[in-house]
Every structure is written in C-alpha cells, then in structure tokens.
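Heads up: the sequence shown is residues 0 to 226, going by numbering that gives the first Met the number 0. In this text, a Cβ means the ideal position worked out from N, Cα and C, and glycines have one as well. Read through the structure below, which is laid out as structure tokens, and then see the notes.
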Amino acid sequence: MGSTISKKGGNFSEKYVIHLKENVKALQDEIREIMYEREKDSRSYERDIMVFTFKEEDWKQELKRMREEVKQLRKLVEEKEDKIREMGEVGMVEKNSEKEWEMMGTKLLVEQMKEERARRDEAVEKWKQLYLAIKTELDELIQRTIDGDGLYLKAEENDIQMENLKWEIQDKEETVKSLKSQLTSMEQEKNKMEREFDLLRQSLRIMNGKKNSIQTKEKLLKIKLGR
C-alpha cells in the first residue's frame with residue numbers, strides 16, 4: 000500500500016511539474032510577443048521623432064522666411080510714405096507713380112498677406128496632426144501597459160520591463176508636452192504676424208487717403224491757375 004501511495008505521489012508531482020512547465024512556456028511566449036510589439040512601437044516612435052525633427056526644421060525655415068517678407072513689406076510701406084511726403088512737398092503726382100503705387104503697393108501687399116496666411120494655416124494644421132498622432136500612440140501604449148499588468152506580474156523580468164515601459168511613456172509624454180508648447184508658440188507667432196499685417200493694411204489705407212488728398216489739391220490748383 001505504501002508503494003501505491005508513493006507511486007501516486009510521484010505521478011502527481013510529475014504532472015504538477017509538467018503543468019508548471021506549460022505555464023512557464025505560455026508566459027514566455029506571451030512575453031516574447033509583447034516584447035516584439037514593444038520593439039515595433041519603439042521603431043514607429045523613432046520614425047515619428049525623425050519626422051518631427053524634419054518638420055521642426057522646416058517650420059523654423061518657414062518662420063524665418065515669413066519674418067524676412069514682413070520686413071520687406073514694412074520697408075516697402077516706409078518707402079511709399081516717403082514718396083507721398085515728397086509728392087506733397089512738390090505738389091504734383093505723376094501718372095507713372097500712380098501706376099507703380101497701385102501695382103507695387105496695395106496689390107502686392109494683399110497678395111502677400113493671402114499667401115502667408117495660407118502657408119501659416121497649413122503649417123499649423125500639419126503640426127497639430129503630428130501631435131495628435133503621437134498622443135494617440137502614447138495613449139495606446141499606456142492602455143497596453145495597463146492591460147498587460149497581470150501578465151508582467153507573473154514574469155521574472157517584470158521589474159526591468161515595467162521600468163523600461165515607464166521611461167518610454169515618460170519620454171513620449173515629454174515629447175507631447177514639447178509639441179503642445181511649440182503649437183502654442185506657433186499660434187502666438189501667427190497672431191503677431193496677423194497684427195502686423197493689420198497695421199500694414201491700415202498704413203496703406205492712410206497712404207491712399209493722403210494720395211487722394213494730394214490729387215484733389217492738385218486739381219484745385221490747376222483750376223485756379225486755369226482761371
């Protein structure tokens with residue numbers, strides 16, 4: 000009878016060991032699958048960061064170009080103001096100057112403002128899309144981490160993997176914060192540029208008013224001289 004009990008105990012131990020081995024193998028398979036997904040996510044994240052870097056450089060170049068064009072437009076307005084003052088002192092407005100004013104002044108400035116506003120809106124929209132894409136990826140990573148907590152707690156490498164995930168999540172959160180900050184900066188820069196364009200438009204209206212006033216005075220002067 001003792002031999003029978005010993006035999007049964009041995010069979011139970013063997014089955015228990017086999018069961019444990021199967022569980023360990025299943026856990027290892029799941030861990031390998033999760034690690035594979037993490038590697039894919041990491042590569043995708045690196046690609047996003049690379050794209051973000053290129054976009055950031057493009058944005059800086061675009062912003063620099065926009066500032067240069069605003070500077071040129073401001074210079075153009077100042078030149079036109081000087082020209083109007085000179086015409087006021089002389090008391091005459093030539094037809095060629097009028098045509099030059101219309102072509103290089105109002106038309107050029109309005110077209111430039113339309114183009115710059117369209118380019119700025121497009122750049123801001125692209126940055127918003129990139130920010131949303133990275134934020135979505137971060138949310139999915141956090142959700143996968145939450146869903147996989149039970150599995151990681153059973154694995155021997157749980158502490159190291161969770162620590163790596165924690166750092167990865169923190170890095171992506173920092174990236175999202177940086178994107179938010181840069182989007183805010185872009186919006187502020189856009190508002191600043193729009194205010195400058197408004198001031199330029201006001202200057203054009205004022206200068207047009209001065210031009211009309213000079214033309215009126217010239218006509219009155221010709222009428223008096225004609226008499």
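- Under a 10 Å Cβ-count criterion, L198 is classified as exposed, with fewer than 16 other Cβ atoms of the shown protein chains found around its own Cβ.
- Here M49 is actually not in contact with M192; their C-beta atoms are around 29 Å apart, not less than 8 Å.
- Looking from the CA of E188, the closest CA among E13, I30 and E61 belongs to E61.
- Taking T135 as reference, the option from I17, K24, E78 and D40 with the minimal CA-CA separation is D40.
- M185 is the residue among Q201, R46, E195 and M185 whose C-alpha sits nearest the C-alpha of K59.
- Taking all protein chains in view, the Cβ of L72 is crowded by 16 or more other Cβ atoms within 10 Å, so the residue is classified as buried.
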